[in-house]
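Peer 1: Residue numbers (this note's numbering): 1 to 78.
Backbone N, C-alpha and C fix where the C-beta goes; we use that ideal spot for every residue, glycine too.
Structure in structure tokens, see below.
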Amino acid sequence: MSTTLQLGHRGTLTLPKKLRDKFGLKSESLVVLEDTEQGILIRPAVVFPIERYSDQQLAEFDAENNEAIAEAFPPALR
């Protein structure tokens, strides 16, 4: 599918509804713009949330892991 768009006065583009629907783009969806030899490639962005753990949380995770290891591999099996 090929279509011609006109830039808005602030350089904005409005993607046609058919394309937004096809790629699941909604208001405020993120897209990636990539400079290619053929021109500008626009594709949906995939975003994964990042969670930062405190030192206390990391210590709790380590303790839980050590406990699980101790249960799975008793000293007699180590």
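1) Beta strand (DSSP E) containing Ala-34: first to last residue?
2) Return the CA-CA distance between Pro-49 and Ile-69, expressed in angstroms with no decimal places.
3) Quick check on DSSP: helix, strand or coil for Leu-7?
4) Can you find the residues in the same chain that come closer than 6 Å, C-beta to C-beta, to Glu-34, ignoring five residues on each side of it along the sequence?
5) Alpha carbon to alpha carbon, how far is Asn-65 from Val-47?
6) Give the DSSP-derived three-state secondary structure of Pro-75 in the structure shown.
7) Rounding to the nearest angstrom, what Cα-Cα distance links Gly-8 and Val-32 in this structure?
Peer 2: Straight from the coordinates:
1) Walking along the sequence shown from the start, residue 34 turns up at place 34. Here the sequence assigns Glu to residue 34, which means Ala is not the residue at that position. Taken as a continuous stretch (DSSP letters only), the beta strand (DSSP E) holding Glu-34 covers 31-36.
2) Residue mapping note: residue 49 aligns to position 49 of the sequence shown, counting from 1. Residue mapping note: residue 69 aligns to position 69 of the sequence shown, counting from 1. Each residue's Cα considered, the two are about 29 Å apart.
3) In the sequence shown, residue 7 corresponds to position 7, counting from 1. Residue state, collapsed to three classes: coil.
4) Indexing the sequence shown from 1 puts residue 34 at position 34. Cβ neighbours of Glu-34 beyond the five flanking positions: Leu-41.
5) Counting from 1 along the sequence shown, the entry for residue 65 is found at position 65. Counting from 1 along the sequence shown, the entry for residue 47 is found at position 47. Each residue's alpha carbon lies about 28 Å from the other.
6) For the purposes of this step, residue 75 is taken as the residue at position 75 of the sequence shown. Here Pro-75 sits in helix by DSSP.
7) Against the sequence shown, residue 8 aligns to sequence position 8. Against the sequence shown, residue 32 aligns to sequence position 32. Distance between the alpha carbons of Gly-8 and Val-32: 19 Å.
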